[in-house]
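In UniProt numbering, the protein residues as written are 1 to 433.
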Amino acid sequence: MQQQPHPTIDDLVERKQEAIACPYPAFARLRADDPISYNDTLGAWVVTRYDDVTNILHDTERFSSLMPTGPQAVGGALAAGMAELMSDPEMAETFEVVMGNRSRAAVLLNADPPEHRRQRILVNAAFRPSNIKALEDRMVEVAHSLLDDIVGEPGERTSAEIIQRFCVLFPMTIIASALGVGDDDLARFKRWSDDIVMPVGNHSPSVEQVRGYLVSSREFADYFREKLAERRVEPKDDVISDVANAELDGEQLSEAEMLSMLQQFLVAGNETTTNLISNIVRHFAERPELQERIRADRSLIPGLVEEALRFEAPVGGLFRQAKVDVEVGGVSIAAGDHCWLLYASANRDDERFPDPDAIDPCRANLRDHLAFGHGEHFCIGASLARAEGRIATEAVLDRLGDIGLADGNTFPFNDTFVLRGMQELHIEFDTLP
Ligand code: HEM
């Protein structure tokens, strides 16, 4: 049998490691030869060019966000796992509470206008600059205290696995602070976070994983119902108080909407930011000249964060569903069809980004990338994520000198392209005084 020179979209859909690790040659071929192609396994159109992706994102009249993680994510093993658990009365009640909340509330990521617009207006203020600014001191403190546990004696060359010990814990601790979770509750919060993100991209979860998802979703809701009530009585200057008290023309968000939103902040905000920071550390380790350049001029860090987002989009692609028959880029898409919008491919489109396979923190159109999406659903946490990326990078450069790759890296990736990220990264470095 003839060997494929590069992984294909089918390999990506089948979640093959080499395709997830390096999908860019396949994307380049598609952008050039078949920019919108139907994939039978996926049951969706694969959209690869920048202009086509942005056109669909802006067309909320004709494209719905109801299933942003795709047709395969619905039903299947998740539903089968839930059905199996229903014989246990306690789990049946948990299911009622968790899924009851969910079905009443299409929220943010999977809501369409006009409902989506109302929710965004109500909750946008929670991520206003003063709330992010207020978190910055905490970010510096958390970043340094996590790195304290990794570094060796000053002057010593040390090696460490950086993702689990820093890139995962940093955004999780920050989002916990933003949501008013105290240090004592962090371990529970981490468990909820891991369990609740599970269905994103995992299309064959075990019954135990489904149980974890349901139990953690319920504990999360119970915990935050109380927090929301506290903040209604005694608001503070934080994200959760703004969600609890958001009001437009006398109308507030329902409790189910608030709880779904908080859960989305967790799911959408944690692993994505982990992936961003992991990618930045890997870029430093693999590109000594880039590392030197940024060390010599820290004002380039915000540009580097944008380029890291463009170069390796932490959300590889999300879906839209056509509400009516529609033509995009000369291709006819039927009502009901799904489209996989590959942000990771659009970000390497040379029609938009000259020399797209180079990391250039001084690129003229640094913020044009689609790593945060575009239009109505543009990431609500983008300012928070940018601040986290910048502060984590500063702390890494402050504490770790001459970062390189340690021996033994195999660069294992998570088994999903929706939230695309590495599981481990072993680096070596000089501990700075
Ligand atoms: C939306 C990426 C961090 C919360 C999105 C979308 C993308 C994205 C691509 C658009 C979804 C779509 O097109 O349907 C990222 C990346 C991040 C990040 C790459 C970090 C590097 C965060 C953080 C939070 C957050 C820190 C929250 C605290 C959300 C929410 C939405 C969203 C709630 C839905 C917004 C809506 O549909 O109106 N994000 N995100 N994200 N993000 Fe982020």
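Where is the CB? At the ideal position from N, CA and C, for every residue including glycine.
- Give every residue of the same chain whose Cβ lies closer than 6 Å to the Cβ of V151, excluding the five residues on either side of it in the sequence, and list them in chain order. R399, T431
- Under the three-state reduction of DSSP, which class applies to D137: helix, strand or coil? helix
- Determine the extent of the beta strand (DSSP E) in which N39 is found, giving its start and end residues. 36-39
- Pick helix, strand or coil for A268, following the three-state DSSP scheme. helix
- Is D25 buried or exposed, if buried means 16 or more other CB atoms sit within 10 Å of its CB? Looking at the sequence itself, residue 25 is Pro, so the reference to Asp does not match. Classification for P25: exposed.
- Message: Need the endpoints of the beta strand (DSSP E) that T158 sits in, please.
- Response: 157-161
- Would a C-beta distance cut-off of 8 Å place residue 446 and G269 closer than the cut-off? Because the chain is modelled from 1 through 433, residue 446 falls outside the range shown and cannot be assessed.
- Message: Can you determine whether any heavy atom of ligand 1 sits closer than 7 Å to the C-beta of S65, and answer yes or no?
- Response: The answer is yes for S65.
- Message: Here's a check: name, in chain order, each residue in its chain whose Cβ is nearer than 7 Å to the Cβ of V215, leaving out the five neighbours to either side.
- Response: T94
- Message: In whole angstroms, give me the CA-to-CA distance for V74 and L276.
- Response: Below a pLDDT of 50, predicted positions are generally treated as unreliable, and V74, at 48, falls in that range; no measurement from the model is reported.
- Item | Q264 beta carbon near ligand 1 (any heavy atom closer than 7 Å) | Q264: yes, Cβ under 7 Å from ligand 1.
- Message: Quick test of the definition: if touching needs 3 or more C-beta pairs under 8 Å, does the stretch 207-221 touch the stretch 183-193?
- Response: The stretch 207-221 is in contact with the stretch 183-193.
- Query: So is I121 buried or exposed if we call it buried at 16+ other beta carbons inside 10 Å?
  - Reply: exposed
- Message: My parser needs the alpha helix (DSSP H) runs of 4 or more residues fully inside the stretch 299-328; what are they?
- Response: 301-311
- Query: Apart from the five residues just before and just after A92, which ones in its own chain have a Cβ nearer than 8 Å to its Cβ?
  - Reply: Spatial neighbours of A92 in its own chain (CB-CB distance under 8 Å, excluding positions within 5 residues in sequence) are listed in chain order as L85, M86.
- Report, in whole angstroms, the separation of the C-beta atoms of A395 and V140, which I expect to be a contact under 8 Å. 7 Å
- Query: Under the three-state reduction of DSSP, which class applies to F166: helix, strand or coil?
  - Reply: helix
- Message: Could you compute how far the alpha carbon of M1 sits from the alpha carbon of V47?
- Response: A caution first: M1 carries a pLDDT of 46, below 50, which makes its placement in the model unreliable, though a value can still be read off. For M1 and V47, the distance between alpha carbons rounds to 29 Å.
- Message: A125 and Q119 - do their beta-carbons sit closer together than 8 Å?
- Response: Cβ atoms of Q119 and A125: not closer than 8 Å.
- Message: Tell me the rounded alpha-carbon separation between M258 and A364.
- Response: 38 Å
- Query: Would DSSP call A392 helix, strand or coil?
  - Reply: helix
- Item | Start-to-end residues for the beta strand (DSSP E) that takes in H426 | 426-431
- Out of curiosity, what's the CA-to-CA distance linking G182 and P114? 36 Å
- beta strand (DSSP E) containing L341: first to last residue? Segment 338-341, the beta strand (DSSP E) holding L341.
- Heavy atom of ligand 1 within 7 Å of P314 beta-carbon: Correct: P314 has its Cβ closer than 7 Å to ligand 1.
- Message: Taking a contact to mean a Cβ-Cβ separation below 8 Å, would you say A371 touches L309 in this structure?
- Response: Their beta carbons are under 8 Å apart, which means A371 touches L309 by this criterion.
- Task: Grab the span of the beta strand (DSSP E) containing L405 for me, first residue to last.
- Result: In the DSSP annotation of this structure, the continuous segment of the beta strand (DSSP E) that includes L405 starts and ends at 400-405.
- Query: According to the Cβ coordinates, are residue 439 and I132 closer than 8 Å?
  - Reply: This structure does not reach residue 439, given that the chain is present from 1 up to 433, and the question cannot be answered.
- Task: Report whether the distance from the Cβ of A385 to the nearest heavy atom of ligand 3 is below 7 Å.
- Result: Of the ligands this structure carries, namely ligand 1, none is ligand 3.
- Quick one: using the 10 Å Cβ neighbour count with 16 as the cut-off for buried, is A79 buried or exposed? Burial call: exposed.
- Message: Here's a check: name, in chain order, each residue in its chain whose Cβ is nearer than 6 Å to the Cβ of E161, leaving out the five neighbours to either side.
- Response: E424, H426
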